[in-house]
Ligand code: HEM
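In the working numbering, the protein residues as written are 43 to 457.
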């Protein structure tokens, strides 16, 4: 059992299965926006930060709130795990800057815009295939397909590898869901996998795959992301393990999150038919509406920092070494920033959500890509839809980290 805070327990993944417990976040923002949250052993508890402005302050001040001192997830790592599992996510500048630079060009606005036609083409093909049936699972037939096919392209790996990359990614990130992972971290002993990302055995297969890709690039260099990593290893910027971790992070981050944005976005449109109608009547609204889909979906619920010195925040005394967890899912519903935050409004403006993080050095590397994929998919899909409705229960992932849907049966009629 997780410890509770006056009835609030943000740790137990079971509490997210039916719905995100938004009423808890509302109460925390209102009554105790920086609050100490106990955790079951071996963890030691954390500060839960739930207000938008506080998230921004923390993420900008990386010297006080470090990503490197203690990693960025709730799991507490010992020095060996910290060293072995390190990625750009778990480093501070200047090392972070060096790591991020290796492939920042590939993910820049200009870098991903070059793939726009390709993405549109894939989106059309995925939709043709999915809409050949009246009833379908929206997740497995639509939202899951697009992000991984695009990753295969920027990695220049065969599209036929997409299914196994999807399966590995699911097993790693959804490591609290018995439906998706064989090694559920809070249910079975995962000690043997302690040095692997997400304590997941799937990481071993991902590493093996990345090694083979690296070896291919050594023989035949190309101009893709894996080549950039291969060169960095050859020049001594990355160790082999860092290269493998880098690959794994890109694969995981680029696969799941955009998928959940697409699914949650579609669900919100089905539940708010007036908003869907607005987009059907005027598709030029879709690019701006993408921001509301992203705010609404908030696929990553939190990341963590570790305080490097004693510091006061909203009257609370945070001690050096304390874990500080910033809840994006809460900040994206902060009524001080988003008027009527539970209204799904595709014309909302301004819409400065923190779905990709509130800024600072770790702002999502894939933000341009995720925005482009989401926008294109809805641009291609909405004009085809005469009607779309749920055809069965929506099933959510058991996780306190990803806000995701694993099954969403729908019935569609298309023109
Ligand atoms: C809707 C989709 C996405 C969401 C919601 C999302 C969310 C986030 C968030 C919140 C962070 C900040 C982590 C922190 O502050 O510690 C982050 C970082 C990151 N994201 Fe994304 N992401 C998405 C898509 C992608 C894609 C498509 C890729 C690339 C393939 C990607 C790669 C990364 C990487 C590499 C980082 C680490 C950046 C750094 O530490 O400097 N993400 N993402």
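Ideal placement from N, C-alpha and C gives every residue a C-beta, glycine not left out.
If you're wondering where the values come from, they're calculated on a predicted model, not measured in any experiment.
Problem - The alpha helix (DSSP H) enclosing residue 315, as first and last residue numbers - result: The continuous alpha helix (DSSP H) containing residue 315 extends over residues 315-323.
Handout entry: Nearest candidate by alpha-carbon position, reference residue 306, set 93, 339, 325
Key = 339
Practice task
Could you have a look at residue 347 and say whether DSSP puts it in helix, strand or coil?
Solution key: In the structure shown, residue 347 falls within a strand segment according to DSSP collapsed to helix, strand and coil.
Handout entry: Nonlocal neighbours in the same chain, by C-beta distance under 6 Å from residue 45, ignoring five residues either side
Key = For residue 45, the predicted model reports a pLDDT of 45, less than 50, meaning its position is unreliable and no value from the coordinates is stated.
Practice task
Identify the continuous beta strand (DSSP E) that holds residue 79 and give its terminal residues.
Solution key: 76-79
Handout entry: residue 347 vs residue 362 beta-carbon contact at 7 Å
Key = No.
Exercise for the section: May I ask you to check if the CB of residue 329 is nearer than 6 Å to at least one heavy atom of the ligand HEM? Expected result: No heavy atom of the ligand HEM is found nearer than 6 Å to the CB of residue 329.
Exercise for the section: Apply the 10 Å Cβ neighbour rule to residue 167 and answer buried if 16 or more other Cβ atoms are within range, or exposed otherwise. Expected result: exposed
Problem - residue 383, buried or exposed, once every other Cβ within 10 Å from all chains shown has been counted against 16 - result: buried
Practice task
Assign residue 395 to buried or exposed, taking buried as 16 or more other Cβ atoms, counted over all protein chains shown, within 10 Å of its Cβ.
Solution key: Buried, since its Cβ has 16 or more Cβ neighbours within 10 Å.
Practice task
Rounded to whole angstroms, what's the CA-CA distance from residue 157 to residue 243? Just pull it up for me.
Solution key: Rounded to whole angstroms, residue 157 to residue 243 spans 33 Å at the Cα level.
Exercise for the section: Assign residue 401 to one of two classes, buried (16 or more other C-beta atoms within 10 Å of its C-beta) or exposed (fewer than that). Expected result: exposed
Exercise for the section: State yes or no: is the C-beta of residue 348 nearer than 6 Å to some heavy atom of the ligand HEM? Expected result: no
Problem - Span separating the alpha-carbon of residue 132 from that of residue 448 - result: Distance between the alpha carbons of residue 132 and residue 448 is about 28 Å.
Problem - Backbone CA spacing between residue 74 and residue 206 [nearest angstrom] - result: 44 Å
Handout entry: Residues of its chain near residue 94, where Cβ-Cβ distance is below 6 Å and the 5 sequence neighbours each way are ignored
Key = 373, 376, 379, listed in sequence order.
Practice task
Look up residue 456 in the DSSP assignment and say whether it is helix, strand or coil.
Solution key: strand
Exercise for the section: Please check if any C-beta of chain B sits within less than 7 Å of the C-beta of residue 178. Expected result: You won't find chain B in this structure, because it holds only one protein chain.
Exercise for the section: Would you give the residue range spanned by the alpha helix (DSSP H) that residue 254 belongs to? Expected result: 244-261
Problem - Contact check, residue 192 vs residue 161, beta carbons under 7 Å - result: Yes, the Cβ-Cβ distance between residue 192 and residue 161 is below 7 Å.
Practice task
Taking only heavy atoms of the ligand PLP into account, decide whether any of them is closer than 6 Å to the Cβ of residue 253.
Solution key: In terms of ligand content, the structure shown lacks the ligand PLP and carries the ligand HEM instead.
Handout entry: Where residue 306 sits in the DSSP three-state scheme
Key = helix
Exercise for the section: Would you mind stating whether residue 211 and residue 297 have Cβ atoms separated by less than 7 Å? Expected result: yes
Handout entry: Terminal residues of the beta strand (DSSP E) in which residue 71 lies
Key = Residue 71 -> not in any beta strand (DSSP E); alpha helix (DSSP H) instead, spanning 64-73.
Problem - Cα-Cα separation between residue 240 and residue 202, rounded to whole angstroms - result: 25 Å
Handout entry: Top-ranked residue by Cα proximity to residue 332, from 101, 300, 235, 345
Key = 300
Handout entry: DSSP three-state assignment for residue 150, whether helix, strand or coil
Key = coil
Practice task
Output yes or no for whether 7 Å exceeds the beta carbon distance between residue 198 and residue 266.
Solution key: yes
Problem - Buried or exposed by the 16-neighbour rule on C-beta atoms within 10 Å, applied to residue 408 - result: Per the 10 Å Cβ criterion, buried.
Exercise for the section: Quick one: give me the first and last residue of the beta strand (DSSP E) that residue 360 is part of. Expected result: 358-360
Exercise for the section: Return helix, strand or coil for residue 192, following the three-state DSSP convention. Expected result: helix
Exercise for the section: Specify the secondary structure class of residue 88 as computed by DSSP and reduced to three states. Expected result: Correct three-state label for residue 88: strand.
Exercise for the section: Compute the minimum distance between the beta carbon of residue 130 and the heavy atoms of the ligand HEM, and state whether it is under 6 Å. Expected result: yes
Exercise for the section: With hydrogens ignored, establish whether the beta-carbon of residue 127 is closer than 6 Å to any heavy atom of the ligand HEM. Expected result: no
Exercise for the section: Taking the CB atoms as reference points, tell me whether residue 177 and residue 453 lie closer together than 7 Å. Expected result: yes
Practice task
Whole angstroms is fine: what's the gap from residue 235's alpha carbon to residue 271's?
Solution key: 24 Å
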